[in-house]
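As structure tokens, the structure follows; a few thoughts come after it.
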Amino acid sequence: MVGWPTIARKLPCFPPLPQCRRLAGLLLYSIITYRITAHSVSDFAQTVKQQADIVKIVEGYIRLRKAGAQNYTGLCPFHKEKSPSFSVHAVRQFYHCFGCHESGDVFSFVGKIENVGFPEAVRIVAQKCGIPLPKREFSSPEEAAGARLRAKLLELHEVATAWFEEQLRGPEGAVAREYLAGRGLTPEGIKTFHIGYAPDSFNALRDRLGSLADNETLRSSGLFASKEQGDGSQGPIYDRFRKRVMFPIANESGRVIAFTARTLETGDKAGAKYINSPETPLYTKGQVLFNLDKAKTAIRQVGFALLVEGQMDCISVFLRGIQNVIATSGTAFTEQQVALLRRHTQNVAVNFDPDDAGANAAEKSIALLTEEGFSIRIVTLDDGLDPDRFIRERGVEAYTAAVRAARSQADYLIDRARFLFPGAGAGQKVKAMNFLLPHIRRMPEKLARDQFALDAAQKLGIDSSVLREELRQAALKRRDHIETRTTALTEVERVLLRALAITDPQDERARRLAAQSLAAQPAWFEHLNTFPAMQALAVRLAGDPMDAVEDPAQKAFLAEALFAETRPPDENEVRGAIQELEERAIESRQRDLRARIAEAERRADFAELAVLTQQKLELDRALRRLHNPPRPEP
Ligand SMILES: [Zn+2]
Numbered sequence: 001m002v003g004w005p006t007i008a009r010k011l012p013c014f015p016p017l018p019q020c021r022r023l024a025g026l027l028l029y030s031i032i033t034y035r036i037t038a039h040s041v042s043d044f045a046q047t048v049k050q051q052a053d054i055v056k057i058v059e060g061y062i063r064l065r066k067a068g069a070q071n072y073t074g075l076c077p078f079h080k081e082k083s084p085s086f087s088v089h090a091v092r093q094f095y096h097c098f099g100c101h102e103s104g105d106v107f108s109f110v111g112k113i114e115n116v117g118f119p120e121a122v123r124i125v126a127q128k129c130g131i132p133l134p135k136r137e138f139s140s141p142e143e144a145a146g147a148r149l150r151a152k153l154l155e156l157h158e159v160a161t162a163w164f165e166e167q168l169r170g171p172e173g174a175v176a177r178e179y180l181a182g183r184g185l186t187p188e189g190i191k192t193f194h195i196g197y198a199p200d201s202f203n204a205l206r207d208r209l210g211s212l213a214d215n216e217t218l219r220s221s222g223l224f225a226s227k228e229q230g231d232g233s234q235g236p237i238y239d240r241f242r243k244r245v246m247f248p249i250a251n252e253s254g255r256v257i258a259f260t261a262r263t264l265e266t267g268d269k270a271g272a273k274y275i276n277s278p279e280t281p282l283y284t285k286g287q288v289l290f291n292l293d294k295a296k297t298a299i300r301q302v303g304f305a306l307l308v309e310g311q312m313d314c315i316s317v318f319l320r321g322i323q324n325v326i327a328t329s330g331t332a333f334t335e336q337q338v339a340l341l342r343r344h345t346q347n348v349a350v351n352f353d354p355d356d357a358g359a360n361a362a363e364k365s366i367a368l369l370t371e372e373g374f375s376i377r378i379v380t381l382d383d384g385l386d387p388d389r390f391i392r393e394r395g396v397e398a399y400t401a402a403v404r405a406a407r408s409q410a411d412y413l414i415d416r417a418r419f420l421f422p423g424a425g426a427g428q429k430v431k432a433m434n435f436l437l438p439h440i441r442r443m444p445e446k447l448a449r450d451q452f453a454l455d456a457a458q459k460l461g462i463d464s465s466v467l468r469e470e471l472r473q474a475a476l477k478r479r480d481h482i483e484t485r486t487t488a489l490t491e492v493e494r495v496l497l498r499a500l501a502i503t504d505p506q507d508e509r510a511r512r513l514a515a516q517s518l519a520a521q522p523a524w525f526e527h528l529n530t531f532p533a534m535q536a537l538a539v540r541l542a543g544d545p546m547d548a549v550e551d552p553a554q555k556a557f558l559a560e561a562l563f564a565e566t567r568p569p570d571e572n573e574v575r576g577a578i579q580e581l582e583e584r585a586i587e588s589r590q591r592d593l594r595a596r597i598a599e600a601e602r603r604a605d606f607a608e609l610a611v612l613t614q615q616k617l618e619l620d621r622a623l624r625r626l627h628n629p630p631r632p633e634p
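Position 487, counted from 1, in the sequence shown is what our numbering calls 487; the numbers after and before it change by one each time, with no gaps.
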């Protein structure tokens, strides 16, 4: 495994959200002008775009490395890859992926990664830059209503969280405090995770929130339940969580969107040990990683995520200084969770409970993570302890050592196969192998599959050539994903696209030269793949060249050309590119003429032949002139 990072303790704090580039003066100016003029999303978007730095915004989602004077690269969040082909242009403020050809500006990035529309993307970027939002505008009444509802639900969750915390501190919370202390949680730890207590009441929370929202909104918050009536309608709402310790679940930005509630009852009345909020407009199960909001900075710093099953495990490990820990909340990983995690790392140490349920969840998570190209290690704790108990009983040093000693997924799976199918009988060996084969096939890299197959054969003591062959075949099966980095752009196209995209008035002559020759001799340009992009650029009045080209494929061509750029081309380069196009046009006409001359000769059409030959001579002369231009007058 390449550079598997060592675990770091007590990580330093990162600076808060990206600081935006421009100064408060500009901000003030924009607020004033905004009040006066702008009432459309797009005016506001322009203001935001001028002030946002795409590098900072993108860095909030994925890791970027400086790759040149003007650009940064990282792993593309929009397609699977192992080596970075995603680039961000710091000067021109756009991104482009050389793997999947996705490109655009700061808004299309945020829109795509957050899965929201343009207006929402503008608002998110504005918020990240600390630009005050104007009166909200929406593309449809439904969108407006949806946004209003989500905002209200966030508010309700915020108030509920504070209220649960208050209840935990109050007299009724004594039993919960006792429980939490018994699990080794300090008051500071409780505060860090905003752990609270839902008292034994059917209407205490309803009374608290009743003045903040109407019944329907309260109902859709998931904080309440109701019984279906005889006529099929829903009865009055009542508090869903009662006599339970409340663990808030936050989204990636740290806003509470749901709760996990642990019962303090014992016996028949207790119900499920843990219950979660139902799905709501804020919360979809399997789309949240517990603690990612707090862990993401540490994950990037130490280079891997520590994945545990339970929220208590996660809290316990985090509070003891291992801050790159996240939890799946007792289920196997989902694809959405993998996508969330991928933005921060592709290295995961899995530390699930050693029981059967834990081992099954671990296997499923390993399978999914492997398929998604992650590097995985498996942490096993002595004496079948879960992470929470282990770290409390043995201390953080011992736990850190266990994480460091994590086994590779191959070692872990082979051991698991031997545990599930013990014995040296041929039947058991076949079963063990059948358990391993799908895991082997799933690994994206041939080398890793070969090694896995070899280890499996050795450790399982498989000497049958038939079985060995099957392992070998499994290693061969998965075809490595080949990242296409081919480019259809020629040097001429690069120069011309860059010239046409010039924005600096100082370089205007190069831009005009390209635009004029495109207008005068479209035939020289027509056969180029990038002709539509060139046309769009040539007629653009002002503004961002990336905005002038709308077709996604053409936009990708332009992005590619602009990334190759260190400075805009000068007039001579543009002239050279145009000359080459002219030459190609002449050569193509020469070919055409040669064919027609041959045809005229065959028909013995001497009149035609004379005309064609004359034309061809002229073309030859033109071509010679291009190659040896007359010396300019002194
Ligand atoms: Zn990509």
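Just so it is clear, CB atoms sit at the ideal spot from N, CA and C, and this is done for glycine as well.
Please read these numbers as outputs of a predicted model, since none were measured by experiment.
DSSP three-state assignment for residue i, whether helix, strand or coil
i	result
threonine 263	strand
isoleucine 157	The sequence given here places histidine at residue 157; isoleucine does not occur at that position. DSSP places histidine 157 in helix when its eight states are reduced to three.
arginine 21	Confidence at arginine 21 is low in this model, with a pLDDT of 36, below 50, so its placement is unreliable and the value that follows should be read with caution. Three-state result, arginine 21: coil.
asparagine 251	coil
alanine 295	helix
valine 549	coil
tyrosine 399	helix
serine 517	helix
aspartate 43	helix
glutamine 614	helix
phenylalanine 193	coil
serine 226	strand
histidine 96	strand
tyrosine 283	coil
isoleucine 237	strand
isoleucine 502	coil
phenylalanine 202	coil
arginine 584	helix
serine 30	Note that serine 30 has pLDDT 38, beneath the 50 cutoff, so the model's placement of it is unreliable and the number below is only indicative. Here serine 30 sits in helix by DSSP.
leucine 454	helix
glycine 104	strand
Cβ-heavy atom distance, residue i to ligand 1, below 8 Å
i	result
histidine 79	yes
glycine 99	yes
glutamate 102	yes
serine 408	no
phenylalanine 94	no
serine 108	no
serine 83	no
phenylalanine 86	yes
cysteine 314	no
cysteine 129	no
CB-CB length for residue i against residue j, believed under 8 Å
i	j	result
tyrosine 197	glycine 232	Not a contact, Cβ separation roughly 35 Å.
leucine 307	valine 350	5 Å
glycine 321	valine 396	6 Å
alanine 405	leucine 460	Between leucine 460 and alanine 405 the Cβ distance is about 23 Å, and since that is not below 8 Å, they are no contact.
leucine 264	arginine 244	6 Å
phenylalanine 107	tyrosine 95	Not really, about 11 Å apart at Cβ, beyond 8 Å.
histidine 101	alanine 556	4 Å
proline 545	alanine 598	About 45 Å separates the two Cβ atoms, so there is no contact after all.
arginine 498	proline 569	5 Å
glutamate 560	leucine 489	6 Å
Top-ranked residue by Cα proximity to residue i, from the options
i	options	result
aspartate 355	Gln346, Gly384, Thr334, Gln336	Gly384
glutamate 393	Glu120, Ala515, Gly182	Gly182
arginine 625	Glu580, Asp463, Ala595	Glu580
lysine 49	Cys129, Leu454, Ile378, Asp605	Cys129
arginine 621	Gly230, Gln590, Leu609, Glu608	Gln590
alanine 304	Phe435, Ile376, Thr192, Ala561	Position check: residue 304 holds phenylalanine in this sequence, whereas alanine was assumed. Nearest option by C-alpha distance: Ile376.
valine 256	Ala298, Ala204, Glu155, Gly170	Glu155
glutamine 46	Val110, Ala67, Glu59, Ala126	Ala126
isoleucine 299	Ala533, Asp43, Arg343	Arg343
alanine 514	Val492, His527, Gln473	Val492
glutamate 114	Val539, Ile57, Gln521, Ala561	Ile57
glutamine 614	Leu593, Thr297, Phe390, Leu623	Leu593
CB contact check: residue i to chain D, cutoff 9 Å
i	result
tryptophan 163	In the structure shown, chain D cannot be found, because there is only a single protein chain.
Unbroken stretches of the alpha helix (DSSP H), 4 residues or longer, contained in the stretch 366-446 = Runs found: 387-394, 396-404, 409-420, 426-442.
Starting from the N-terminal side, write out each stretch of the alpha helix (DSSP H) that is 4 residues or longer and does not extend beyond the stretch 292-353.
-> Entirely contained in the stretch 292-353, the alpha helix (DSSP H) runs reaching 4 residues are, in chain order, 292-302, 311-319, 335-342.
Hey, which unbroken runs of the alpha helix (DSSP H) at 4 residues or more fall wholly within the stretch 47-92?
-> Annotation: the stretch 47-92 contains the following complete segments of the alpha helix (DSSP H) (minimum length 4 residues), in chain order: 54-59.
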